[in-house]
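Numbering (the working numbering), first residue to last: -15 to 829.
The C-beta atom is built at its ideal place from N, Cα and C for all residues, glycine as well.
Some notes on the structure that comes next.
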């Protein structure tokens, strides 16, 4: 079955210069590099489990002889041996019709023992970027070439699909349309693989956008090749996201992962830049969008998981998602039906046991009296960005209750409410509290603000500004859960907190780590005393714990030892007995400046205490173009937490993105110019497991000589909170776009926009979008054909109680046409008015 060679087009037109680009992006089965000068070969690429082949690298003469004898059809073996003879191959290339190229066809044995016609193209020379004596051999499946020419590949060529200019792949809508056709018109069992190049934005910063584009182009070419080999389809979904739909069993995801990893390795990428793959197999009546959704659910588990980069979809993922959706829907219903309330847990003077205040804790009590525990619903609210709805509701309820206490002339004890990082990043918290106290006419000291230590972990303008504004407006601000990992003196100094709260879990360690827990507790207590800060220890359960805290000089405790969280009616009964309350508030010295020299007095503080008080710290030396770490404390070592720690102490700028290295040197220069206040910067470092860690380092100049500058640097791990800050500025990936609750109540459909992350693209605020949805005007922004289809699918999804996905175009801001992807998940909860949760994502073409 010999046929016209694939280079005949170039031979007829003498287009030698065009061949390298053609071969680079062609769909070959194998690529072998041959070095005639040292008699070696190696496979650069091969389709695994297709052809029978010996070892993939070694001595070329042995390989060529083995191939001629066993791997090439007996009728073709003499000609194969003659052409590929290492003694004559170089001369043969120089005398060919197109110099530097050689093409011939033969039958090769596949793994099933069958003979398949292949086209072999051998190239060499400078035009192919190869040094003298080095050749490359491309092997093509002739049958696949003929199939493509006959139009039997699965890509519908007749529709003139628009291909992405960079990757050569169809983009969103064209890909999904073609994939849907494959799914519906064939009886093949299909598998979809979604691919995400994690940390690719950082890759572009490290290696440059030009290199990044080369990587995307090569991955696109490779996926196109894989798709054609498998009679499947590859697509580019924008940014660093790809998708591949192939028949089950044609290509193992592990092999695909290896191919993509090889592309990244080719450009010197570190272990930190790895693809993540999500895999799903079509089942039953799955649409292509549902199949894609399943693969996306799977890849969510692979992202950030550097031990398992390939995840397969299973129904448990849907169960978890559906449970989350049910929880969200039921929560929305509970807010309006009076099931959400708060309990109060008293805060007591440790010596007298009298109540000096209380903390408000959210509770969900169903109509039948059963309680939904916070651990069963708060994580879902946090995950999907709905925690502000709960917080605002509780704050309002507490303020209203405080007003009721004043009206009833009960003793007015201050109540603290919790503020999360998500609250700070998504709305104006100080303004909200100011409006609450105005609305209910309560004194500001009656409503205290608890901000978790993790929310304070990043020296972000939003956190500092919020704390400053709250205190300037007369509110008392507490730092909750102090000592859990972000603590340092600098943090307290920068945020100027009024009260510290910490957990008594340090007293509940087993004997192996109890001493360390006691050191942490002692450190915080002594630090609070030195700074004149009141401290509340929560979670105190036993007399022994209480007495130990008294011995340290702790004044206030909160926990089961005195009172469990209780309904407000029980709390009211307690405080009506004046003997149970102390209206003196938290007694401590007013905030005053403390002297650091006090912390260097070894008669007062042990090394362990100083280590916990000061937090992670190190001495840095800047000489020439390098910055070295020359000394560090134990806390610093524990925080950095890398196995090759001691190999990273010199020239630390090597282990961070170039942009961060520049920022570090700028901070050092600023610290030199401002010796009193120093300078800080957030910097990213890579770990051995491929993950990244972010540190906020505050530098102070210690010594400036001719040869070296020496700095003290306090470090803080802000990885989690930095991610949260960016995460919540977009309201998480899920909420970075648009999330809508479809509500069906009393026979009428209405919409509530929970998050509007597409405000800029659509030119619609959350409030305006909600109004347009409920008036129907929003749907007229959508093209008529899409509008009729979308409204019909919404109606059908409600009637049939099912999920659906769809793509559509819509007129956005300034008349720009947006390509949008809509996903609607039905909420199977009879008691809930929320019938569907709809997300809308803007996909770049």
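Check, Outcome
"If the criterion is Cβ atoms closer than 8 Å, does the pair residue 343 and residue 542 meet it?", "yes"
"Give the DSSP-derived three-state secondary structure of residue 93 in the structure shown.", "strand"
"Are residue 178 and residue 227 close, meaning C-beta to C-beta below 8 Å?", "yes"
"Which residues share a DSSP beta bridge with residue 791?", "805"
"Grab the span of the beta strand (DSSP E) containing residue 617 for me, first residue to last.", "Taken as a continuous stretch (DSSP letters only), residue 617 belongs to no beta strand (DSSP E), as it is neither H nor E."
"Please go through the same chain and pick out, in chain order, the residues whose beta-carbon is closer than 6 Å to the beta-carbon of residue 60, but skip the five residues on each side of it.", "90, 91"
"Please return the same chain residues whose Cβ sits closer than 8 Å to the Cβ of residue 418, not counting the five positions on each side in sequence.", "457"
"What are the start and end residues of the beta strand (DSSP E) that includes residue 329?", "324 to 333"
"Return the CA-CA distance between residue 762 and residue 427, expressed in angstroms with no decimal places.", "44 Å"
"Tell me the rounded alpha-carbon separation between residue 328 and residue 744.", "42 Å"
"When burial is assigned at 16 or more other CB atoms within 10 Å of the CB, is residue 68 buried or exposed?", "buried"
"DSSP on residue 718, reduced to helix/strand/coil?", "Interpretation of residue 718 is limited by its pLDDT of 39, a score under 50 that renders its predicted location unreliable; the figure taken from the coordinates is listed afterwards. Helix at residue 718."
"Does DSSP put residue 70 in a helix, a strand or coil?", "coil"
"Exposed or buried, which one is residue 371 when buried takes at least 16 other CB atoms within 10 Å?", "buried"
"I believe residue 699 touches residue 679 by the beta-carbon criterion, under 8 Å. Please report the beta-carbon distance rounded to the nearest angstrom.", "5 Å"
"Under 8 Å by Cβ, that's how I've got residue 333 and residue 539 pegged, so tell me the actual separation to the nearest angstrom.", "6 Å"
"Hey, how far is the Cα of residue 221 from the Cα of residue 365?", "29 Å"
"Checking 8 Å against the spacing of the C-beta atoms, do residue 697 and residue 681 come in under that value?", "yes"
"Three or more C-beta pairs under 8 Å: does that hold for the segment 264 to 280 against the segment 785 to 793?", "yes"
"Beta-carbon within less than 7 Å of residue 688's beta-carbon, same chain only, minus the 5 sequence neighbours each way: which residues are those?", "656"
"Can you give the Cα-Cα distance for residue 24 and residue 117, rounded to whole angstroms?", "11 Å"
"Of the residues 394, 389, 374, which one's Cα is nearest the Cα of residue 401?", "374"
"For residue 621, which option in 639, 601, 451 has the closest C-alpha, if you only look at C-alpha atoms?", "601"
"Going straight from the alpha carbon of residue 435 to that of residue 570, what length do you get?", "18 Å"
"In this structure, does DSSP put residue 266 in helix, strand or coil?", "coil"
"Within a Cβ cutoff of 6 Å, which residues of the same chain sit near residue 547, ignoring the five residues on either side of it in sequence?", "330"
"Where does residue 639 sit, in a helix, a strand or coil, going by DSSP?", "helix"
"How far does the beta strand (DSSP E) with residue 682 in it extend, from its first residue to its last?", "676 to 688"
"I'd like the span of the beta strand (DSSP E) that includes residue 625, first residue to last.", "Run containing residue 625: none; DSSP gives neither H nor E here."
"Given a cut-off of 8 Å, decide if residue 208 and residue 830 are closer than it, judged by their beta-carbon atoms.", "The chain is shown from -15 up to 829; residue 830 falls before or after that span and cannot be answered."
"Give me the residue from 311, 312, 266 with the minimum Cα distance to residue 296.", "266"
"Which first and last residues belong to the alpha helix (DSSP H) in which residue 668 is found?", "Counting along the chain, residue 668 falls outside any alpha helix (DSSP H), though it belongs to the beta strand (DSSP E) covering 663 to 670."
"So, helix, strand or coil for residue 56, using DSSP?", "strand"
"Considering only the beta carbon of each residue, do residue 693 and residue 606 sit closer than 8 Å?", "yes"
"In the DSSP assignment, what residue or residues form a beta bridge with residue 99?", "93"
"Residue 224 and residue 186: beta carbons closer than 8 Å?", "no"
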